[in-house]
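Peer 1: Residue numbers (our numbering): 33 to 348. Think of the CB as a built atom: it goes at the ideal place given N, C-alpha and C, for glycine as much as any other residue.
(1) Need the endpoints of the alpha helix (DSSP H) that residue 230 sits in, please.
(2) Tell me the rounded alpha-carbon separation between residue 124 and residue 92.
(3) For the segment 128-145 and the segment 323-335, state whether three or more C-beta atom pairs, one from each stretch, are separated by less than 8 Å.
(4) Measure the C-alpha to C-alpha separation of residue 244 and residue 190 and round it to an integer number of angstroms.
(5) Assuming residue 86 is part of the alpha helix (DSSP H), what are its boundary residues?
(6) Could you tell me whether the segment 64-80 touches the segment 172-183, where touching means 3 or more Cβ pairs closer than 8 Å?
(7) Might you give, ordered along the chain, the residues of its own chain that have their beta carbon closer than 6 Å to the beta carbon of residue 317, omitting 5 neighbours on each side?
(8) Within 10 Å of its beta-carbon, does residue 288 have 16 or more other beta-carbons around it, so buried, or fewer, so exposed?
(9) Could you have a look at residue 281 and say whether DSSP puts it in helix, strand or coil?
(10) Tell me whether the beta-carbon of residue 110 lies closer than 9 Å to the beta-carbon of residue 45.
(11) Excluding the 5 residues preceding and the 5 following residue 89 in the sequence, name in chain order all residues of the same chain whose CB lies nearer than 6 Å to its CB.
(12) Measure the CB-CB distance between residue 102 and residue 175 and report whether it falls below 9 Å.
(13) Rounded to whole angstroms, how far is the Cβ of residue 96 from the Cβ of residue 115, which I believe are closer than 8 Å?
(14) My understanding is that residue 60 touches residue 236, with C-beta atoms under 8 Å, so please give their C-beta distance in whole angstroms.
(15) Using the three-state DSSP reduction, which class does residue 324 fall into: helix, strand or coil?
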């Protein structure tokens with residue numbers, strides 16, 4: 033949810049902080065940087081110390097950049113706060129590393145797909161944050177997320193699994209075991225295409241719809257939330273299908289659909305056609321994401337943390 037705070041509220045933020053178009057692109061994309069860099073260490077540390085501790089620490093650390101953004105009054109504040117907001121994107125590696133330990137391989141697809149459906153929080157923020165900001169202001173809206181982060185940190189303290197199976201193998205040993213396996217790099221490419229499309233549309237749609245089609249921020253947020261919801265809710269479907277049939281065949285259809293949607297979006301002067309193309313991307317990216325994360329623990333069960341950490345940053 034917090035990862036997309038800036039992109040969701042950028043239309044309101046620019047009313048108080050003057051930003052050029054280039055600066056808007058920079059501050060909306062900046063959380064992706066740390067989100068990418070931290071995925072490998074978070075995946076490794078999850079195998080070493082367990083998801084309970086890593087989630088708890090991550091939520092506590094996120095309190096600082098969220099508060100910084102809530103009092104921002106300059107481009108520097110947005111860049112600095114947004115950079116550390118990237119922790120919110122990196123925590124995805126924690127869950128996909130931990131969950132396969134609890135389920136047999138034939139259920140990894142649907143399990144990771146259901147976990148990935150947690151991205152619905154991105155849709156909630158994209159839709160709700162601009163609406164709330166119109167009523168109480170964008171700074172107060174950002175501060176509300178401090179309460180959510182504190183609550184989630186407390187929930188992991190109280191209910192997190194203290195006895196999760198740990199993997200105490202050095203990071204160097206795990207990287208050596210996977211980096212020469214070409215399957216890892218193919219999966220990275222597949223995720224680069226599927227989740228990369230999701231990230232790009234999630235970050236840039238809110239401002240693009242306002243600037244290009246003249247929509248108001250609330251309408252743009254609603255449409256972006258619809259895109260996110262469709263893609264997110266189809267992740268479990270992608271994982272389920274990958275458990276039942278050939279994952280690579282599913283990905284062939286996914287890539288064909290993304291190619292078609294790219295052609296549609298290149299020639300979409302009307303909001304109706306653009307919406308159709310965007311929703312096609314949402315469907316394909318959702319099914320594709322669920323399929324890819326069925327394959328990671330299937331091929332790299334003993335190095336899941338490192339493998340997930342290597343695969344997932346490519347999308348960012």
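Peer 2: Concretely, from the data shown:
(1) 214-245
(2) 16 Å
(3) The segment 128-145, when compared against the segment 323-335, does touch it at the 8 Å Cβ threshold.
(4) 47 Å
(5) 83-102
(6) no
(7) Excluding residues within five positions, the ones whose Cβ falls inside 6 Å are 226, 229, 230 and 263.
(8) exposed
(9) helix
(10) yes
(11) none
(12) yes
(13) Not confirmed; about 11 Å, so no contact.
(14) 7 Å
(15) helix
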